[in-house]
Amino acid sequence: MVARRIAIASPVNVAGETAPQTLRGPGWDGRFTVLILFLPPALLLFTLFVVLPIGEAAWYSAFNWNGFGRPTNWIGLDNYRFVLETRAFWLALRNNGLIIAVSLAIQLPLALALALMLAEKFRGAVALRMLFFMPYILAEIATGLIFSFVYDGDYGLVASIWRTFGAEPPHLLASTDTAMLAVLIVVVWKYFGFHMMLFIAALQSLDKSLVEAARIDGATRTQTLRHVVIPLLYPTIRLSVFFAIIGSLQLFDLVMPLTRGGPADSSNTMVSFLYNNGISRMRVGYGSAIGVILFAICVTFAFTYKRWFMRDE
Amino acid sequence: MNSTGARHAFDPAVLFKALFLGLVAIFVLVPLLATLLGGFKSLGELRVNPFGLPSHWEWQNYADILFSARYWQLLRNSLVISTLAVTLTLITASMAAFTFAHVRFFGSSMLLSYLTLGLLFPAATAVLPLFIKVRDLGLLDTYFGVALPQVAFSLAMSVLLLRRFFKDIPYELLEAALVDGCSYIKFFRYVTLPLSRPILATVGTITFVNSWNAYLLPLVMLNTDALYPWPLGIMVYQGEYSSEWHLILAFITLTILPTIILFLLAQKHIVAGLTAGAVKG
């Protein structure tokens with residue numbers, strides 16, 4: 004305790020203040036100064052640019068408004084009706100569902116398998132981890148452009164493979180049948196490394212004695228994995244699922260360079276649908292209605308998921 | 209998973225593992241290498257040989273971009289916006305986090321929950337009203353018009369991470385300092401911040417990477433080409449050179465180069481930073 008006080012005293016003296024001898028507890032005066040100086044910047048920014056816009060979205064969504072002047076043309080809930088009557092909206096919702104399905108069925112098992120292999124120490128393990136994590140830090144725009152080259156029907160890698168087999172190369176991104184599939188592959192390429200890192204971090208902080216105990220008791224490698232390691236990873240798996248779903252709901256940057264949501268809206272996500280139909284045409288009311296729907300989905304999901312699956316965390 | 213007895217004996221599990229890792233490595237590497245090498249080819253060669261090494265190295269593709277004002281302007285714009293976002297996030301978030309960690313006041317937990325609402329939904333949901341707000345504030349087509357909303361949206365995560373770390377600084381330390389006549393603000397400046405360098409680096413890294421790679425906000429807020437950060441600039445470039453893939457690939461390579469260099473230099477911070485939010489949030 005004494006040593007600590009000395010450690011504190013010196014920086015204070017550096018600041019040019021002589022320590023007064025009076026014993027003063029953490030008084031209200033000091034706290035008040037901090038409160039009025041330290042909290043407002045963050046609260047103000049957050050309220051101005053995060054909370055108010057959400058509230059305003061709900062307000063604007065009741066108008067037919069192009070963003071200029073004041074909103075006057077009140078149309079009630081019509082914008083929501085228009086959104087729900089648009090086929091492209093349901094396609095976008097379906098595509099978000101597909102992204103979630105692929106994340107859970109392919110990306111998550113892949114990430115988990117790789118983590119189990121790479122959590123151990125061997126030559127090259129760290130290099131491989133870094134390599135697999137690399138796509139995650141690349142900008143989504145750059146990733147999308149790289150893959151629009153990969154998929155390009157004239158110059159791309161896929162086309163070249165097709166030609167070696169003597170087949171006419173497909174234009175994957177230009178067909179309503181394959182565009183979304185192509186996007187899904189890029190999603191896995193880009194994000195599996197992030198989930199792998201989550202699992203590696205969890206595996207490294209795992210209590211090794213439990214695994215050893217299981218092995219000593221005669222459990223095989225597979226049994227240990229199934230009945231000890233994986234159950235210990237459940238919290239991380241739930242977290243990984245949470246991120247996959249939230250990530251899917253905000254996917255946008257990746258889609259733009261690949262397909263812009265096309266052809267014929269076949270590869271829109273919720274956000275690219277919002278961009279194409281609300282923002283780029285300045286239909287503020289309609290776009291706000293889409294935003295409010297997306298907001299409602301995100302918040303409902305986050306609360307439900309937290310309540311059902313992540314109660315103890 | 210080596211069989212312990214005979215390290216070099218044939219083990220199908222090891223072979224399977226090596227094959228599997230090799231395949232995934234190829235899956236990750238091939239698009240990146242093809243992009244890098246494609247920038248060294250002529251368009252004609254790219255068409256017949258997109259995979260292999262170029263038969264003739266076209267340094268000109270890269271040189272033209274590196275000596276163009278356009279490339280450096282894009283990087284500069286990105287750097288300005290990201291630096292603004294990181295600086296403002298670190299200042300505002302650490303001050304707020306300090307208050308939430310060390311100052312007891314009525315409504316503290318309520319205000320903290322209010323801030324963490326920001327974790328629940330993406331910026332895109334309210335981007336139209338956000339655009340109108342930024343326009344009404346006269347910040348449209350300025351660096352701040354992009355950076356301020358980015359700061360606002362990174363606050364929730366940043367405050368949570370910082371508060372958790374600040375709380376681990378022993379309370380007795382603060383108490384002793386206050387008894388000795390140190391103010392909260394001086395304690396923050398001379399004790400909390402110096403002790404918190406690792407978490408400040410982590411939060412800074414997350415904010416930087418997010419801002420550096422961002423596309424939607426600058427797309428909505430900026431109209432002037434001269435202010436575009438690189439993700440916008442590269443889309444414009446692609447639009448202009450639509451099928452001259454050798455140039456586009458060279459441009460992509462050069463624009464992601466800073467990210468890759470930064471990643472190789474600061475791997476630990478970046479991995480810790482980008483997974484910290486997940487593990488600790």
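Respectively, the protein sequence lines represent chains A and B. Quick note: the first sequence uses my numbering, first residue 4, plus one each step. Quick note: the second sequence uses my numbering, first residue 209, plus one each step. Every residue gets a Cβ at the ideal spot worked out from N, C-alpha and C, and that includes glycine.
Euclidean distance between Cα positions of residue 298 (chain A) and residue 329 (chain B): 6 angstroms
Cα-Cα separation, residue 179 (chain A) to residue 259 (chain A): 16 angstroms
Listed by chain order, chain A residues near residue 446 (chain B) by CB distance under 9 angstroms: 148, 151 and 260
Distance CB(residue 438 (chain B))-CB(residue 286 (chain B)) smaller than 8 angstroms: yes
Alpha helix (DSSP H) segment containing residue 62 (chain A), residue limits: 55-63
Residues sharing a beta bridge with residue 66 (chain A), DSSP: A:77
Residue closest to residue 441 (chain B), alpha-carbon to alpha-carbon, out of B:451, B:454, B:427 and B:465: B:427
Residue environment, residue 129 (chain A), which counts as buried when at least 16 other CB atoms sit within 10 Å: exposed
Beta-carbon proximity of residue 204 (chain A) to residue 483 (chain B), cut-off 8 angstroms: yes
Backbone secondary structure at residue 28 (chain A) - three-state DSSP: Caution is warranted here: a pLDDT of 48 is assigned to residue 28 (chain A), below 50, making its placement in the model unreliable, and no coordinate value can be reported.
For residue 120 (chain A) and residue 301 (chain B), the rounded distance between their alpha carbons: 38 angstroms
Chain A contacts made by the segment 296-310 of chain B, where a contact means CB separation under 7 angstroms: 300, 301, 303, 304, 306 and 307
Stretch pair the segment 251-268 of chain A + the segment 141-150 of chain A: three plus CB contacts closer than 8 angstroms: yes
Option in A:35, A:243 and A:117 with minimal Cα separation from residue 224 (chain B): A:117
Cα-Cα separation, residue 91 (chain A) to residue 283 (chain A): 16 angstroms
Among A:127, A:132 and A:192, the one whose alpha carbon lies nearest that of residue 153 (chain A): A:192
Assigned secondary structure, residue 172 (chain A) (DSSP; H/G/I helix, E/B strand, else coil): coil
C-alpha gap between residue 382 (chain B) and residue 94 (chain A), whole angstroms: 56 angstroms
Residue of B:263, B:462 and B:350 minimising C-alpha distance to residue 278 (chain B): B:462
Cβ pair count under 8 angstroms reaching 3, the segment 211-219 of chain A against the segment 121-141 of chain A: no
Beta carbon proximity, residue 28 (chain A) to chain B, threshold 8 angstroms: In this prediction, residue 28 (chain A) has a pLDDT of 48, which is less than 50 and means its spatial position is unreliable; what the coordinates show is noted afterwards. Yes, contact with chain B.
Exposure label - residue 170 (chain A); buried when at least 16 CB within 10 Å: exposed
Residue-level contact to chain A via CB, residue 476 (chain B), 8 angstroms cutoff: no
8 angstroms Cβ cutoff, residue 294 (chain B) in contact with chain A: no
Stretch-stretch touch, CB-based, cutoff 8 angstroms, three pairs: the segment 448-457 of chain B with the segment 391-404 of chain B: no
Assigned secondary structure, residue 261 (chain B) (DSSP; H/G/I helix, E/B strand, else coil): coil
Collapsed DSSP secondary structure at residue 268 (chain A) in the structure displayed: coil
Outcome for residue 157 (chain A) when other beta-carbon atoms lying within 10 angstroms are tallied against a minimum of 16: exposed
Buried/exposed call for residue 256 (chain A), threshold 16 Cβ in 10 Å: buried
Cutoff 8 angstroms: residue 225 (chain B) Cβ touching any chain A Cβ: yes
Those runs of the alpha helix (DSSP H) which lie wholly inside the segment 124-195 of chain A and span at least 4 residues: 128-140, 143-153 and 160-167
The segment 346-355 of chain B in contact with the segment 288-296 of chain B per 3-pair CB rule at 8 angstroms: yes
Boundaries of the alpha helix (DSSP H) in which residue 234 (chain B) is found, first to last residue: 220-246
Residue 280 (chain B) classed as buried or exposed, judged by whether at least 16 other C-beta atoms fall within 10 angstroms: exposed
Straight-line Cα distance separating residue 242 (chain B) from residue 100 (chain A): 31 angstroms
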